[in-house]
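Chemist: Residue 16 in UniProt numbering sits at position 16 of the sequence shown, with consecutive numbering throughout.
C-beta: ideal position from N, C-alpha, C; glycine also.
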Amino acid sequence: MGYHHLAVDDIEPTPDRPSVQRSLSDAAGLENAAVNRYEVAPGEDIPLAYHYHDDQEELFYVLSGTLAVETPEGTYEVDEDEAFVVEPDSPQRAHNPESATEPVRTLVVGAPAVDDVHPYEQE
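(1) From Val40 to Gly2, what distance separates their C-alpha atoms?
(2) Examine the Cβ distances between the segment 80-96 and the segment 43-55 and report whether three or more of them are shorter than 8 Å.
(3) Please list the segments of the alpha helix (DSSP H) lying wholly inside the segment 15-68, counting only runs of 4 or more residues, in order along the chain.
(4) For Gln21, does the count of other Cβ atoms within 10 angstroms reach 16, so buried, or fall short, so exposed?
(5) Between the alpha carbons of Val78 and Val109, how many angstroms are there, rounded?
(6) Give me the DSSP bridge partner(s) of Gly74.
(7) Does the beta-carbon of Gln21, which I'm using as the reference point, lie nearer than 8 Å to any heavy atom of the ligand NAD?
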């Protein structure tokens, strides 16, 4: 049997990210899902680029604030205690707009935990 009890604030942030990312999956040694908590200041992005995944599904659960998710269809606003799901092959850029007055905290789960990310070029 295996169990992991994590104090998320004690997990060191991942370096070189546009916002504060704490990888729960790395800290727990998870292999099948990528689980991260993000703290996103106004004007910061969650991903490194507007992107899509071949196989990975993503779920953004907003813990506090309002997350903006830009897609080719428009920008969605995801409020506290709401979730936003992105299916494979669906481009997105999650961010906290510069006009925001507070940070956003969100839990993001991606499965399977594969490195299948591709930059999305807007037409």
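Modeler: So, from the listed chains and residues:
(1) 31 Å
(2) The segment 80-96 and the segment 43-55 touch, with no fewer than 3 CB-CB distances between them shorter than 8 Å.
(3) 24-28
(4) buried
(5) 15 Å
(6) For Gly74, DSSP records a beta bridge to Thr71.
(7) Among the components of this structure there are no ligands whatsoever, and the ligand NAD is therefore not found.
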